[in-house]
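Asks: Numbering (my numbering), first residue to last: 229 to 336. Next up is a structure, given as structure tokens.
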Amino acid sequence: MFACVGACATCGREETLTRHHLIPRTRHHNKRNQREFDRAVVRQVVGLCRPCHSQIHQLLSEKELEREYNTVAKLKAHGGVAKFADWISNKPRGFKAAMQRPTARKPA
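In structure tokens, the structure reads:
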């Protein structure tokens with residue numbers, strides 16, 4: 229954990245930050261990653277407030293984070309992340325958002 233206070237990379241709030249690996253640690257040894265990215269890119273982290281960090285991991289799978297949302301700009305461009313960041317940006321420091329667990333989809 230970062231355990232430092234700073235501006236969240238997605239919502240901009242001054243908050244205690246957590247480390248978010250832009251390419252999830254579980255995907256670091258993936259052969260595709262080793263081919264496409266150098267080691268510094270694979271290990272890159274960014275500071276996010278806990279609500280934004282939790283929301284990102286609820287919305288996106290680790291494979292999606294690795295392949296499609298591996299920069300802050302790409303994360304901010306995701307509709308769900310952008311909507312959440314806009315909503316929480318006006319909340320006071322220390323605000324804890326109630327997270328809903330995604331429900332399993334029933335097969336059609």
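Using N, Cα and C, we set each Cβ at its ideal position, and we do this for glycine too.
Quick check on the DSSP output: the alpha helix (DSSP H) that includes Cys280 runs from which residue to which?
Replies: Counted from its first residue, the sequence shown places residue 280 at position 52. Start and end: 278 to 287.
Asks: Let me check one thing: in DSSP terms, what residues is His306 bridge-paired to?
Replies: Walking along the sequence shown from the start, residue 306 turns up at place 78. Answer by DSSP bridge pairing: none, since His306 is not bridged.
Asks: Could you give the residue range of the alpha helix (DSSP H) that holds Leu245?
Replies: In the sequence shown, counting from the first residue as 1, residue 245 sits at position 17. Leu245 -> not in any alpha helix (DSSP H); beta strand (DSSP E) instead, spanning 242 to 249.
Asks: When you compare the CB positions of Pro279 and Lys324, do they come within less than 8 angstroms of one another, or not?
Replies: For this step, residue 279 is matched to residue 51 along the sequence shown. For this step, residue 324 is matched to residue 96 along the sequence shown. Taking 8 angstroms as the Cβ cut-off, Pro279 and Lys324 qualify as a contacting pair.
Asks: Closest by CA to His285, which one among Ala301, Ile251, Gln272, Arg271?
Replies: The residue you call residue 285 lines up with position 57 of the sequence shown. Nearest of Ala301, Ile251, Gln272, Arg271 to His285, Cα basis: Ile251.
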